[in-house]
Amino acid sequence: MTRLDRTLAALADPTRRRLLDRVGQRAVRAGDLGRGLPMSRPAVSKHLRILREAGLLEAVPQGREMRYRLAPRPTSLAEVRQYVERVSRAWDRALEAFKAFAEEDA
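Counting from -5, one number per residue, gives the positions in the sequence shown under the numbering used here.
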């Protein structure tokens, strides 16, 4: 699986997107991130691991605990952006071609 695939898979899950939203700008404990979510601590840890492996989060040790923060410059998001832009350009070209075809017959 490529880094792009891992990142898209990580972002495809609504729980992981919610965890990313909760992290914000400062390092947060896993227990605080999972508070109020309908899942076990091991499930939260699994989601956090997937986000780390996708390069979206960093784990920072503080004492006996790990705190999670957004990765400062996630190259994986740059790959997602490039992919979306490439697909968007392809769709734009296809729609323009369809429009030209439809206008020819009109």
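We treat Cβ as the ideally placed atom computed from N, Cα and C, and that holds for glycine.
R23 counts as exposed, since fewer than 16 other C-beta atoms from the protein chains shown sit within 10 angstroms of its C-beta. Spanning the alpha carbons of P36 and L42 requires a straight line of approximately 10 Å.
Between L45 and L2 the beta-carbon gap is near 13 Å, outside 8 Å, which marks them as no contact.
Looking at the DSSP output, V78 shares a beta bridge with no other residue. Comparing alpha carbon positions, the residue from D26, D(-1) and R0 closest to R12 is D26.
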